[in-house]
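A.B. asks: Top line first, the protein sequences correspond to chains A and B. Residue numbers 0 to 581, in numbering that gives the first Met the number 0, belong to the letters of the first sequence in order. Residue numbers 0 to 132, in numbering that gives the first Met the number 0, belong to the letters of the second sequence in order. Beta carbons: idealized from backbone N, C-alpha and C, even for Gly.
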Amino acid sequence: MYGIRIRTIGEVAFQSRMKMSSGYHCDVPVDHLGFPCLPLTEMMKDTPIPVPGVQVGFAHPEGYMGLVREASDLEERFPNDRELIRVLFVSEHFIAERGTYIRALKSDRSFVAPIRCRKEDTEAISSFLRTVKRIGMTEEGITGEVELKLCELDGETGAAFPLNRLCCYTSLEYAVHLITPACLYAPYEDGTSTYLYLPGAEVRKELKSLSENEAFSAMLEEMAFSHATISGEGKRLIPVPLCMSVVKLDPEQLHCRLSTGKDPSRIEQEVTLTNAYTADFRKHFMRYTKPVTERISTRDGSLCDALQAGQAFRGIVYGTDEQIRALAGFIREHPYFSIGKATDEGYGGAYLEICGAEEEAIRTEEPAVCFDVVCVSDTLLLNDEGMPACRAEDLLREVEEHLGIPGGLEIIGKYTDVYKDFHYCPGREQDGPVIRCLKAGSVIRVRTRNGKPVDLFPIRHCFVGENTKNGYGEISACSAGNLYYRVAEQVAPPQYTMEMPMSYVKAQQGASLVLSVLKEKLKSVVQALAILDRTEYQKGVPLRELIPTDLLQMMTETYVPGLDPEIVAQWYREGLEVEQDV
Amino acid sequence: MFEISPEKAPARGILLAYFSDALVFEPYEIRDGRLLFDGCEAYPDQLPWEIHLFDRDTEYRIVWREARKDRIERVMTKQEEESMDPDLLYTEIMPVKEEYLKKGTIPEQLSVTTRYRWSEQDTLVMQNYRISF
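1. Keeping to the same chain, check which residues put their C-beta closer than 8 Å to that of V490 (chain A); ignore five residues upstream and five downstream.
2. Rounded to the nearest angstrom, what separates I8 (chain A) and T415 (chain A) at their Cα positions?
3. Check whether chain B comes within 8 Å of T467 (chain A), counting only Cβ atoms and requiring the distance to be less than that.
4. For R116 (chain B), which residues of its own chain have a beta-carbon under 7 Å away from its beta-carbon, when the five flanking residues on both sides are left out?
5. Could you give the DSSP three-state label for N127 (chain B): helix, strand or coil?
6. Of all the CB atoms in chain A, is at least one closer than 8 Å to the CB of R60 (chain B)?
7. State buried or exposed for I361 (chain A), treating a residue as buried only when at least 16 other CB atoms are found within 10 Å of its CB.
8. Of all the CB atoms in chain B, is at least one closer than 8 Å to the CB of Q579 (chain A)?
9. Is E232 (chain A) helix, strand or coil when you go by DSSP?
10. Let's test the definition: count the other Cβ atoms within 10 Å of the Cβ of E69 (chain A) and tell me whether it reaches 16, buried, or not, exposed.
11. Can you check the segment 312 to 390 of chain A for any beta strand (DSSP E) of at least 3 residues that lies completely inside it and give the ranges in chain order?
12. Please report the distance separating the alpha-carbon of D120 (chain A) from that of V50 (chain A).
13. Which of the three DSSP states is assigned to P60 (chain A) in this structure?
14. Since D454 (chain A) sits in a beta bridge, which residues does DSSP pair it with?
15. Please return the same chain residues whose Cβ sits closer than 7 Å to the Cβ of G12 (chain B), not counting the five positions on each side in sequence.
16. Could you compute how far the alpha carbon of Y184 (chain A) sits from the alpha carbon of G339 (chain A)?
17. Find the nearest neighbour of I530 (chain A) within the set A:L562, A:L512, A:G509, A:W570, judged by alpha-carbon distance.
18. Taking only beta-carbon positions, decide if D383 (chain A) is within less than 8 Å of chain B.
19. Is the shortest distance between the beta-carbon of M386 (chain A) and the beta-carbons of chain B less than 8 Å?
20. I need the straight-line Cα distance from K148 (chain A) to L206 (chain A), nearest angstrom please.
21. Applying the 10 Å Cβ sphere with the 16-neighbour rule, what's the burial state of E96 (chain A)?
22. Please confirm whether V50 (chain A) has its beta-carbon closer than 8 Å to some beta-carbon of chain B.
23. Based on the DSSP secondary-structure assignment, which residues constitute the bridge partners of P180 (chain A)?
24. Can you tell which of B:L35, B:E79, B:I3 has its C-alpha closest to the C-alpha of R129 (chain B)?
25. Are the C-beta of G464 (chain A) and some C-beta of chain B separated by less than 8 Å?
26. For the putative contact between P60 (chain A) and F110 (chain A), defined by C-beta atoms under 8 Å, what is the C-beta separation to the nearest angstrom?
27. Could you give the DSSP three-state label for I124 (chain A): helix, strand or coil?
28. Whose Cβ in chain A lies nearer than 7 Å to the Cβ of M125 (chain B)?
29. What residues of chain A sit near R64 (chain B), judged by a beta carbon separation below 8 Å?
30. Could you tell me the alpha carbon to alpha carbon distance between V581 (chain A) and P493 (chain A), rounded to whole angstroms?
31. Are the CB atoms of E357 (chain A) and T169 (chain A) within a distance shorter than 8 Å?
32. Helix, strand or coil: how does DSSP classify I530 (chain A) here?
33. So, for L241 (chain A): in the same chain, excluding its five sequence neighbours on each side, which residues have a beta-carbon less than 8 Å away from its beta-carbon?
34. Does the segment 548 to 567 of chain A come close enough to the segment 518 to 525 of chain A that 3 or more CB-CB pairs lie under 8 Å?
35. Around the C-beta of K505 (chain A), are 16 or more other C-beta atoms found within 10 angstroms, so that it is buried, or is it exposed?
36. Going along the chain, which residues of its own chain have a beta-carbon closer than 6 Å to the beta-carbon of M218 (chain A), five neighbours each way excluded?
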């Protein structure tokens with residue numbers, strides 16, 4: 000796996016479509032933690048790499064995957080402090096003539112961008128990169144001087160799940176950790192223009208593109224890929240059944256609704272959970288999450304939604320033991336791939352991680368008279384006319400078929416929705432046939448007609464209907480339970496959860512980041528304190544009478560124990576003497 | 000290669016076939032029991048999801064059904080619709096995308112006649128449809 004290492008010799012500023020804030024003539028895009036997230040393809044648009052078929056991802060600070068874990072921990076303690084991370088990499092200059100600011104990358108900083116290329120092209124790419132001496136604008140004291148180098152990125156990724164040679168595996172669970180926003184373009188989705196999961200077909204297509212081995216590609220075609228849904232609590236989350244709703248109990252939650260004229264005396268209002276995912280909807284206390292999206296702008300000027308970087312999505316691949324092992328070995332050797340739209344611009348960059356592998360489940364009887372069947376993914380069914388079937392009764396028929404009891408079940412409750420599937424097919428420009436299918440989250444409650452229990456094992460987790468190899472038709476069944484009230488809490492999807500192998504360098508980089516951020520935090524607090532004393536200082540009160548030595552020492556011990564008191568005192572003096580923006 | 004029953008399809012017309020990664024929309028003719036495009040046989044290597052062979056009056060459709068591992072063949076004719084309840088028929092005219100019109104013999108518009116029926120729950124459901132031009 001290769002990367003482009005960029006070292007800034009001078010400050011670097013460039014025009015980008017991604018604008019962080021208004022009033023900046025040039026800005027440096029950052030991710031939601033504050034780390035620069037550099038669209039290298041856009042930065043080098045005047046000197047593009049002259050090798051066809053090369054895909055360059057976004058550039059992040061060196062050791063990024065380790066740094067984000069530390070930064071995520073810091074954010075939990077010091078929310079909204081992404082500014083402190085940003086200033087470690089980015090400087091600001093005011094341009095008096097234009098009346099605007101420029102943000103530039105500081106000098107002597109290192110960034111790495113993953114690059115997908117063939118091994119035989121590495122020499123040509125390396126030679127070209129050596130000729131690139133400047134990037135971006137060269138004015139207002141910004142030199143744009145850089146050093147680019149092609150490097151190998153082995154050892155950057157997470158620990159691989161060890162497969163036991165004595166087992167006979169039938170499924171492999173993998174995680175896709177997004178490091179740049181990914182747009183799985185779905186122009187007809189409600190609300191957003193991206194799927195909120197990674198379609199199985201798309202994952203298969205990207206894995207095929209990493210390999211030049213036709214036999215391996217043919218093998219992938221035989222395997223079944225489920226959709227990769229948002230990951231949380233260390234598990235693959237499944238859609239919350241559409242029948243579930245949340246009740247707003249707090250009048251403040253009705254603030255927006257009151258503005259449209261709703262009756263303020265009604266506090267309890269129900270909201271159906273859509274696009275929500277949970278680990279287990281049967282619990283009394285259910286946590287659910289919704290994938291986070293953001294807007295991106297692609298080179299052709301179109302605006303579309305994308306899954307935010309940092310989120311992880313888990314999916315399952317089914318196949319023979321030999322296929323599973325071959326795929327696991329391949330993922331270990333090719334941990335980085337890009338998925339979705341505009342990957343040539345750096346979007347959709349992701350790391351793959353193997354989370355687990357399972358053997359065929361041992362059959363255990365699960366007798367039930369009354370049970371629920373939930374569609375975990377959109378389910379395509381065809382009736383005997385070859386027409387799409389999207390009624391609850393059609394799903395019932397499929398379930399009876401799987402259980403071998405045609406006509407033996409009846410529906411006693413249902414909550415279904417229909418989704419227009421445009422037969423998402425990566426690589427195909429035209430739309431496919433539009434087929435109405437049962438939407439993910441559709442649920443039916445069924446009961447045996449004769450009152451005798453039936454074994455749920457065959458349908459506990461299986462695939463029914465059409466296009467199952469690409470993740471459609473995933474259903475799950477469980478005994479019906481009556482829980483009228485339960486508590487639900489929405490939580491943000493966990494981010495940057497990939498397990499990274501620790502090394503001395505990574506430990507040092509992480510510690511250095513934390514120390515730098517805490518020092519910046521302490522400096523801002525000390526200088527804010529100095530502002531309060533500025534008036535007295537300007538009246539002529541001596542510094543030695545003003546400086547609150549004990550307080551500064553206490554603050555130092557809180558943030559950066561052991562820091563030289565002279566440094567802290569110097570910050571205080573700077574705060575007294577200069578107009579500071581705190 | 001997929002097999003069709005040439006005697007069920009119109010002798011000459013348009014083929015619309017959906018594959019997993021491609022769409023074929025071409026004029027065809029059946030000669031000596033063989034399906035020909037521009038006078039030659041050319042089949043993609045993979046099985047399609049569904050294919051439609053149609054002309055003004057008849058559509059021959061094959062749908063491959065993965066769940067039952069079977070294929071469903073249907074022939075629908077305009078003549079059948081003449082005896083159906085007109086309230087249960089709905090015809091929609093659809094323009095063809097410009098990129099396909101370059102092939103010369105593709106018509107500018109297609110007609111889709113949807114056939115409805117009443118379900119056991121007294122709801123109107125789509126029973127079938129016929130493509131024509």
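C.D. replies: In terms of the structure at hand:
1. The count along the first sequence starts at 1 and reaches residue 490 (chain A) at position 491. G231, R286, Y287, T288.
2. In the first sequence, counting from the first residue as 1, residue 8 (chain A) sits at position 9. In the first sequence, counting from the first residue as 1, residue 415 (chain A) sits at position 416. If you take the alpha carbons of I8 (chain A) and T415 (chain A), they lie about 60 Å apart.
3. Mapped onto the first sequence, residue 467 (chain A) falls at position 468. Answer yes: the Cβ-Cβ gap between T467 (chain A) and chain B drops below 8 Å somewhere.
4. On the second sequence, position 117 is the one that residue 116 (chain B) refers to. Result list for R116 (chain B): L87, V124, Q126, in chain order.
5. Counting from one through the second sequence, the residue named residue 127 (chain B) turns up at place 128. The answer is strand: DSSP assigns N127 (chain B) an E or B state.
6. Here residue 60 (chain B) is taken as the residue at index 61 of the second sequence, counted from 1. So yes, R60 (chain B) belongs to the interface.
7. Start at 1 with the first residue of the first sequence, and residue 361 (chain A) comes out as number 362. With fewer than 16 other Cβ atoms within 10 Å, it is exposed.
8. Counting from 1 along the first sequence, the entry for residue 579 (chain A) is found at position 580. Model confidence at Q579 (chain A) stands at a pLDDT of 47, short of 50, so the residue's coordinates are unreliable; what they give is reported in the following sentence. No, no contact with chain B.
9. Stepping through the first sequence from its first residue, residue 232 (chain A) is reached at position 233. E232 (chain A) falls in the coil class under three-state DSSP.
10. Counting from 1 along the first sequence, the entry for residue 69 (chain A) is found at position 70. E69 (chain A) comes out buried.
11. 335 to 337, 348 to 358, 369 to 374
12. Working through the first sequence from its first residue, we reach residue 120 (chain A) at position 121. Working through the first sequence from its first residue, we reach residue 50 (chain A) at position 51. Cα to Cα, the separation comes out at about 7 Å.
13. As a working note, residue 60 (chain A) is residue 61 in the first sequence. P60 (chain A) falls in the strand class under three-state DSSP.
14. Residue 454 (chain A) sits at position 455 when you count from the first residue of the first sequence. Note: D454 (chain A) sits in a beta bridge opposite A:P366.
15. The sequence position of residue 12 (chain B) within the second sequence is 13, counting from 1. Counting only Cβ-Cβ distances below 7 Å, and skipping sequence neighbours, we find Y27, L52, F53, D54.
16. For this step, residue 184 (chain A) is matched to residue 185 along the first sequence. For this step, residue 339 (chain A) is matched to residue 340 along the first sequence. Their backbone Cα atoms lie some 7 Å apart in a straight line.
17. As a working note, residue 530 (chain A) is residue 531 in the first sequence. Here the closest residue by C-alpha is A:W570.
18. Start at 1 with the first residue of the first sequence, and residue 383 (chain A) comes out as number 384. Answer yes: the Cβ-Cβ gap between D383 (chain A) and chain B drops below 8 Å somewhere.
19. As a first step, residue 386 (chain A) is located in the first sequence; it is residue number 387 there, counting from the start. With 8 Å as the cut-off, M386 (chain A) counts as an interface residue toward chain B.
20. Residue numbering aside, residue 148 (chain A) sits at position 149 when the first sequence is read from its first letter. Residue numbering aside, residue 206 (chain A) sits at position 207 when the first sequence is read from its first letter. Cα to Cα, K148 (chain A) sits roughly 27 Å from L206 (chain A).
21. Indexing the first sequence from 1 puts residue 96 (chain A) at position 97. Exposed.
22. The residue given as residue 50 (chain A) occupies position 51 in the first sequence. With 8 Å as the cut-off, V50 (chain A) does not count as an interface residue toward chain B.
23. Within the first sequence, residue 180 (chain A) is the residue found at index 181, counting from 1. Looking at the DSSP assignment, P180 (chain A) forms no beta bridge with any residue, so it has no partner.
24. By 1-based counting over the second sequence, the position of residue 129 (chain B) is 130. Per the Cα distances, B:E79.
25. By one-based count along the first sequence, residue 464 (chain A) stands at place 465. So yes, G464 (chain A) belongs to the interface.
26. Counted from its first residue, the first sequence places residue 60 (chain A) at position 61. Counted from its first residue, the first sequence places residue 110 (chain A) at position 111. Right, their Cβ atoms sit about 6 Å apart.
27. Translated into the one-based positions of the first sequence, residue 124 (chain A) becomes position 125. DSSP places I124 (chain A) in helix when its eight states are reduced to three.
28. Taking the first residue of the second sequence as position 1, residue 125 (chain B) is located at position 126. The answer, in chain order, is M386.
29. The residue you call residue 64 (chain B) lines up with position 65 of the second sequence. Under the 8 Å cutoff, chain A gives L381, G385, E465.
30. Along the first sequence, read from residue 1 onward, the residue named residue 581 (chain A) stands at position 582. Along the first sequence, read from residue 1 onward, the residue named residue 493 (chain A) stands at position 494. At V581 (chain A) the pLDDT is 41, less than 50, meaning the model places this residue with poor confidence; the figure from the coordinates comes in the next sentence. Taking the straight line from one Cα to the other gives about 31 Å.
31. Against the first sequence, residue 169 (chain A) aligns to sequence position 170. Against the first sequence, residue 357 (chain A) aligns to sequence position 358. Going by C-beta atoms, T169 (chain A) is nearer than 8 Å to E357 (chain A).
32. The residue given as residue 530 (chain A) occupies position 531 in the first sequence. Looking at I530 (chain A) - three-state DSSP - the assignment turns out to be helix.
33. Here the question's residue 241 (chain A) lines up with position 242 in the first sequence. Excluding positions up to five away in sequence, the list reads T271, L272, T273, Y414, T415, D416, K438, G440, S441, V442.
34. yes
35. For this step, residue 505 (chain A) is matched to residue 506 along the first sequence. Buried, because 16 or more other Cβ atoms sit within 10 Å of the Cβ of K505 (chain A).
36. Working through the first sequence from its first residue, we reach residue 218 (chain A) at position 219. Cβ within range, chain order: Q322.
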